[in-house]
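If you read the protein sequences in the order shown, they are chains L and C. Under our numbering, the first residue of the first sequence is numbered 29, with each subsequent residue one higher. Under our numbering, the first residue of the second sequence is numbered 10, with each subsequent residue one higher. Backbone N, C-alpha and C fix where the C-beta goes; we use that ideal spot for every residue, glycine too.
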Amino acid sequence: MYEAVHAHPDGQSTAARFAATADRYGYDGVVVRADDARPDYGSLRDSLAVDVVDAAEIVAEDPQHASGAVGNARTKHTVVIVAGGTNALNRFAVEQARVDVLARPFEGSNGGTDGGNGGRTARNGSADGDVNHVLAKAARDNDVRIEVNLGPVLRSRGGTRVRHLTKLRKLKRILDHYDAPYVVSANPTSHLELRAPREVAAVGEEIGLGREWTREGLDEWGRLVARNRERLSESFIAPGVERGRYEEDD
Amino acid sequence: MKHLPKHLQPRWRYLAVGIEAWPDADLDRGSFQRDLWYAAQNLYGDAGSAETDLTVLAFHFGDGDGETIVRAHRGTEDRARAAVAALDRVDGHPVGLRVRGISGTVRACEERYLNGRTGNGEQRDVVFETESSPAVVRGDRVDVDLGDGFAGATRLDFE
Numbered sequence: 029m030y031e032a033v034h035a036h037p038d039g040q041s042t043a044a045r046f047a048a049t050a051d052r053y054g055y056d057g058v059v060v061r062a063d064d065a066r067p068d069y070g071s072l073r074d075s076l077a078v079d080v081v082d083a084a085e086i087v088a089e090d091p092q093h094a095s096g097a098v099g100n101a102r103t104k105h106t107v108v109i110v111a112g113g114t115n116a117l118n119r120f121a122v123e124q125a126r127v128d129v130l131a132r133p134f135e136g137s138n139g140g141t142d143g144g145n146g147g148r149t150a151r152n153g154s155a156d157g158d159v160n161h162v163l164a165k166a167a168r169d170n171d172v173r174i175e176v177n178l179g180p181v182l183r184s185r186g187g188t189r190v191r192h193l194t195k196l197r198k199l200k201r202i203l204d205h206y207d208a209p210y211v212v213s214a215n216p217t218s219h220l221e222l223r224a225p226r227e228v229a230a231v232g233e234e235i236g237l238g239r240e241w242t243r244e245g246l247d248e249w250g251r252l253v254a255r256n257r258e259r260l261s262e263s264f265i266a267p268g269v270e271r272g273r274y275e276e277d278d
Numbered sequence: 010m011k012h013l014p015k016h017l018q019p020r021w022r023y024l025a026v027g028i029e030a031w032p033d034a035d036l037d038r039g040s041f042q043r044d045l046w047y048a049a050q051n052l053y054g055d056a057g058s059a060e061t062d063l064t065v066l067a068f069h070f071g072d073g074d075g076e077t078i079v080r081a082h083r084g085t086e087d088r089a090r091a092a093v094a095a096l097d098r099v100d101g102h103p104v105g106l107r108v109r110g111i112s113g114t115v116r117a118c119e120e121r122y123l124n125g126r127t128g129n130g131e132q133r134d135v136v137f138e139t140e141s142s143p144a145v146v147r148g149d150r151v152d153v154d155l156g157d158g159f160a161g162a163t164r165l166d167f168e
């Protein structure tokens with residue numbers, strides 16, 4: 029199970045601190061959604077017990093700006109995440125097979141109560157993006173995971189949280205019906221906002237997403253990382269085609 | 010008042026909860042209890058809160074590190090866990106909470122999951138992002154005081 033985190037300077041804690049906390053909490057690793065963050069992944073992986081995955085999170089105003097960044101990030105990073113938030117961006121992300129994850133389709137930049145990177149973009153957690161059946165089908169066909177953002181569930185209150193919960197319930201119905209891939213994340217911006225997998229699953233159960241369904245979303249990060257690492261490895265040519273020794277037939 | 014016959018007494022489960030916060034956080038049992046109740050009430054309402062009946066028993070906290078025992082009705086451990094997860098700040102201080110384990114008695118809970126080590130922070134100056142800043146060092150964990158807030162780091166970041 030992996031959690032995708034906003035490391036310093038995008039968030040308040042460094043990638044190493046996130047990884048150390050995730051280790052105690054029982055995660056297999058953290059996915060660093062690097063927008064401005066540039067941690068030294070090699071030395072982190074060597075000295076920590078958990079995996080640290082280099083991911084790029086693309087926060088753009090519109091699809092035109094995002095498009096170039098996706099191309100750049102695809103060759104350099106294991107996981108490419110596009111922050112949604114407007115209908116145009118959500119649609120762009122799910123129609124690009126180069127994109128792995130559409131993050132925060134409803135709220136865009138990491139909103140909620142923390143303000144960790146609020147104000148960096150014009151859209152601060154109150155965007156008008158939506159997910160419908162068209163996007164879910166496109167996401168399934170292009171193998172783009174739609175993120176179920178539990179951040180506002182854990183960290184905001186009142187009307188904001190109620191509206192977000194309503195959207196999450198609708199999102200689950202759509203995702204289940206079209207069998208679209210999804211990931212679950214609490215979008216933590218500091219190690220204090222990180223929650224252990226069982227806690228996240230308990231919250232998922234409480235808000236009507238289901239315990240197993242929530243866990244699946246956390247597991248999906250791991251499957252995504254394994255698949256992309258295999259694709260980036262030198263022996264990979266195309267799905268099902270690899271360079272190397274023949275398999276022994278018994 | 011005479012207490013209830015044994016088979017009618019409520020059955021409890023005790024959650025050992027580890028607390029982490031920035032070094033300047035100042036929490037006590039009362040504020041933790043109040044915000045835990047609010048978190049539970051906001052998550053599943055008055056009826057659910059009464060059903061779980063969350064009560065904070067032992068509370069140890071100092072210098073941004075602590076642990077506590079939260080009591081819940083037997084059978085509602087997962088709802089209690091969700092309320093603990095949804096508690097993001099106490100008295101305005103952000104907190105990182107983790108359920109270390111659940112026991113059937115306070116004593117087993119203390120012996121198994123609490124270690125009583127709180128408040129062993131050490132003040133030191135570190136160079137973070139090319140600037141020298143005061144920091145609180147606890148084992149491998151380093152909380153750097155940036156003036157307008159803290160940044161969480163580890164020893165690895167200064168090697």
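Which term fits residue i, buried or exposed, when burial requires 16 or more other beta carbons within 10 angstroms of its beta carbon?
i	result
L196 of chain L	buried
T114 of chain C	exposed
L106 of chain C	buried
D152 of chain C	buried
G143 of chain L	Residue placement at G143 of chain L is flagged as unreliable, the pLDDT there being 41, under the threshold of 50; the coordinate-derived value follows with that caveat. Its Cβ having fewer than 16 others within 10 Å, G143 of chain L is exposed.
A81 of chain C	buried
S261 of chain L	exposed
Y55 of chain L	buried
I265 of chain L	exposed
T61 of chain C	buried
A62 of chain L	buried
G147 of chain L	Residue confidence is low: G147 of chain L scores 37 on pLDDT, short of 50, so the model does not pin down where it sits. No coordinate-derived value is stated.
G39 of chain L	buried
S263 of chain L	exposed
M29 of chain L	buried
D154 of chain C	buried
Along the chain, where does the alpha helix (DSSP H) containing residue i start, and where does it finish?
i	result
R289 of chain L	Residue coverage of chain L in this structure runs from 29 to 278, which leaves residue 289 of chain L outside it and unanswerable.
Y69 of chain L	69-75
E175 of chain L	E175 of chain L -> not in any alpha helix (DSSP H); beta strand (DSSP E) instead, spanning 173-177.
S112 of chain C	Element bounds for S112 of chain C: not the alpha helix (DSSP H) but the beta strand (DSSP E), 102-112.
E120 of chain C	115-122
Start and end of the beta strand (DSSP E) containing residue i?
i	result
I235 of chain L	First-last for I235 of chain L: undefined, no H or E at that position.
F264 of chain L	264-266
Y4 of chain L	Given a span of 29 to 278 for chain L in the structure shown, any question on residue 4 of chain L remains unanswerable.
G27 of chain C	21-30
Q132 of chain C	131-137
P143 of chain C	140-147
A81 of chain C	74-82
T64 of chain C	64-71
F159 of chain C	159-163
A111 of chain L	107-111
A131 of chain L	129-131
S40 of chain C	Here S40 of chain C belongs to no beta strand (DSSP E); instead the alpha helix (DSSP H) covers 38-61.
Since residue i meets chain L, which of its residues come closer than 7 angstroms, beta carbon to beta carbon?
i	result
Y53 of chain C	E234
R90 of chain C	R226, E227, A230
So the candidates are the options; which of them puts its Cα closest to the Cα of residue i?
i	options	result
V211 of chain L	L:E227, L:P133, L:R273	L:P133
D37 of chain C	C:G54, C:C118, C:A160, C:G73	C:G73
V107 of chain L	L:V78, L:R173, L:T217, L:L163	L:R173
G112 of chain L	L:N100, L:D90, L:T103, L:K165	L:D90
E31 of chain L	L:R273, L:P67, L:E258, L:V253	L:V253
G75 of chain C	C:R116, C:R83, C:R147, C:F167	C:R147
R88 of chain C	C:F68, C:I111, C:Y53	C:Y53
V129 of chain L	L:T49, L:G250, L:T188, L:I265	L:G250
E227 of chain L	C:G110, C:N124, C:V135	C:G110
E123 of chain L	L:S137, L:V159, L:E248	L:V159
L178 of chain L	L:I109, L:Y55, L:E233, L:I86	L:E233
S141 of chain C	C:V79, C:F167, C:N124	C:F167
A65 of chain L	L:D79, L:V33, L:A94, L:V78	L:V33
S40 of chain C	C:D100, C:S112, C:T139	C:D100
L4 of chain C	C:W31, C:I28, C:G57, C:L63	With chain C covering only 10 through 168, there is no way to say anything about residue 4 of chain C.
D51 of chain L	L:G70, L:V87, L:V78, L:V110	L:V78
P32 of chain C	C:R164, C:V135, C:G130	C:G130
Y206 of chain L	L:L222, L:P216, L:D169, L:G186	L:D169
Q92 of chain L	L:E276, L:A101, L:F120	L:F120
V181 of chain L	L:D204, L:P216, L:D277, L:L76	L:P216
D82 of chain L	L:N256, L:V60, L:R239, L:A47	L:V60
K165 of chain L	L:A94, L:E270, L:V98, L:I202	L:I202
Using a Cβ cut-off of 9 angstroms, pull out every chain L residue sitting near residue i, in sequence order please.
i	result
E60 of chain C	None at all; the shortest Cβ gap to chain L is about 12 angstroms.
D33 of chain C	Neighbours of D33 of chain C on chain L: none; closest Cβ ~13 angstroms, over 9 angstroms.
Can you pull the chain C residues whose beta carbon is under 9 angstroms from the beta carbon of residue i, in chain order?
i	result
H219 of chain L	E29, G105, R150, G161
V228 of chain L	A94
Anything in chain C within Cβ reach of residue i, meaning under 7 angstroms, just list it in chain order.
i	result
H36 of chain L	A160
A53 of chain L	Sequence check: residue 53 of chain L is Tyr here, not Ala. Neighbours of Y53 of chain L on chain C, chain order: R107.
S75 of chain L	L165
Please list, in chain order, the chain L residues whose beta carbon lies closer than 8 angstroms to that of residue i.
i	result
R22 of chain C	The contacting residues do not exist; R22 of chain C stays about 14 angstroms from chain L at best.
Give the residues of chain C in contact with residue i, contact being defined as C-beta atoms less than 8 angstroms apart.
i	result
L237 of chain L	Correct list: empty, because the minimum Cβ distance to chain C is about 11 angstroms.
query: According to a CB-to-CB cut-off of less than 7 angstroms, which residues of the segment 124-149 of chain C neighbour chain L?
result: D149
- request: Select from the segment 155-167 of chain C all residues with a C-beta closer than 8 angstroms to any C-beta belonging to chain L, and list them in chain order.
  value: G158, F159, A160, G161, A162, T163, L165, D166
- request: Could you name the residues of the segment 75-88 of chain C whose beta carbon sits closer than 8 angstroms to any beta carbon of chain L, in the order they occur along the chain?
  value: D87, R88
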